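Residues in the sequence shown are numbered from 1 upward in steps of one, following UniProt numbering. See below for the structure under consideration.
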Amino acid sequence: MDLKLKKDLFYGMLVSFLNLRIRKIKEQQVSVMKKPPSPDSGHVYVYYTRADRISDPCLLEQYRACLSPPEIRKADRYMKQSDRHLSLVSRALLRYLIAETTRQDPRSLNFSVNEHGKPFLAELPDMHFNLSHSHGVAVCALCRNAAVGVDVEDVGRHTDFSIAKRFFSSCEAALVSQAPEAEKRKLFFDIWTLKEAYIKAVGKGLSIPLNSFSFNVNETGIQITFRDTGRADPMWQFFQWRPEPGKIVAAAVRSASPIVFKHFGCVPFVGIAPNPLISRICLHAIGLEIESESIDRNRSNVYGLKKI
1 MDLKLKKDLF YGMLVSFLNL RIRKIKEQQV SVMKKPPSPD SGHVYVYYTR ADRISDPCLL
61 EQYRACLSPP EIRKADRYMK QSDRHLSLVS RALLRYLIAE TTRQDPRSLN FSVNEHGKPF
121 LAELPDMHFN LSHSHGVAVC ALCRNAAVGV DVEDVGRHTD FSIAKRFFSS CEAALVSQAP
181 EAEKRKLFFD IWTLKEAYIK AVGKGLSIPL NSFSFNVNET GIQITFRDTG RADPMWQFFQ
241 WRPEPGKIVA AAVRSASPIV FKHFGCVPFV GIAPNPLISR ICLHAIGLEI ESESIDRNRS
301 NVYGLKKI
């Protein structure tokens, strides 16, 4: 048997093997990626998306097709391509999650805003949601019958910690100022994300001064206290999550009943998976894969996506 024939046979067998593998991957994809759960009054669902790792052209085309003309114009106004991309994926994430959990066409959702700019859906008054994005990641929180706020921050970004004197309460600013350098950054962003999440849940923007309330974060939980009354409000419930190194997420909701916070990784219009169980299999079939170095099996960590 000559060398050319051997090569032809080898490549033929390789192609057959790869085709079989792709079929198995697609079959397993359905069982790995799930649809988002329908929100209820006892849960807040928080979804985390690495927008900066999503580059599949078909997905991005689908994202753009589901957005409204004003959303597209807003995304296109950003000067940096990375900001345009993040805006596109973020809005697609919000539309995908609400549409999937309410069985609607994502293009049919008509968002309105209150006098302070917080979006809502008039046709779904009991559906509460909030969106945040920063440095290549997007986070969306959903719940029913209770206003919710969410914030995500990149803790590695350049930060002037002296702004705590301006925006934090006096006790919070003192804690940041007196903290050891190794702990200062963590403490600052713990407080900052909680403040942002609370402000966004209330929905009145910065008409509420950031230093008019303060947080006490310890092993027993997170408590908010208001300057005008000097009292805490136990109905406010908070959640913080570090989905991967360098990122922190905070969520806030006010409810008389205990709230369970659950978090997921999400690829809009593909599905969700509990972290870190999102599998390489489920994304490989659409031309995406998980970066193995971003996975920490010992803690709740989130996937990264990149084009194969």
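Note that CB positions come from ideal geometry on N, CA and C, so glycine has one too. Keep in mind the model is a prediction, meaning the values are calculated, not measured.
{"Query": "Under 8 Å between the Cβ atoms of R254 and A201?", "Result": "yes"}
{"Query": "Which word fits V260, buried or exposed, when buried means at least 16 other C-beta atoms lie within 10 angstroms of its C-beta?", "Result": "exposed"}
{"Query": "Count the CB pairs spanning the region 263-271 and the region 158-169 that are closer than 8 Å, and state whether there are at least three.", "Result": "no"}
{"Query": "Report all residues from its chain with a CB closer than 8 Å to the CB of A147; omit the five preceding and five following residues, and keep chain order.", "Result": "H128, A201, V202, G203, V253 and R254"}
{"Query": "Quick one: grab the DSSP three-state call for L109.", "Result": "coil"}
{"Query": "With contact counted as at least three CB pairs below 8 Å, one residue from each stretch, are the region 93-105 and the region 124-140 in contact?", "Result": "yes"}
{"Query": "Output needed for D40: all residues of its chain with C-beta closer than 6 Å, excluding positions within five of it in sequence on either side, in chain order.", "Result": "R144"}
{"Query": "Ignore the nearest five residues each way along the sequence and tell me which others in D105's own chain have a CB closer than 7 Å to its CB.", "Result": "A99"}
{"Query": "Using a Cβ distance threshold of 8 Å, determine whether the region 167-175 contacts the region 113-120, with at least three qualifying pairs required.", "Result": "no"}
{"Query": "As an exercise, report each continuous beta strand (DSSP E) stretch of at least 3 residues that is fully enclosed by the region 20-95, in chain order.", "Result": "43-49"}
{"Query": "Have a look at K80 and V249 and give me their C-alpha separation to the nearest angstrom.", "Result": "24 Å"}
{"Query": "Among the residues of its own chain, which have a CB less than 8 Å from the CB of F213, if the five just before and after it don't count?", "Result": "S169, K195, Y198, I224, T225, F226 and R227"}
{"Query": "Considering just the uninterrupted stretch of the beta strand (DSSP E) at T225, what are its terminal residues?", "Result": "G221 to F226"}
{"Query": "Can you find the residues in the same chain that come closer than 6 Å, C-beta to C-beta, to W241, ignoring five residues on each side of it along the sequence?", "Result": "V249 and H263"}
{"Query": "Would you give the residue range spanned by the beta strand (DSSP E) that D151 belongs to?", "Result": "V148 to D154"}
{"Query": "Please classify Q237 as buried or exposed, where buried requires at least 16 other C-beta atoms within 10 Å of its C-beta.", "Result": "buried"}
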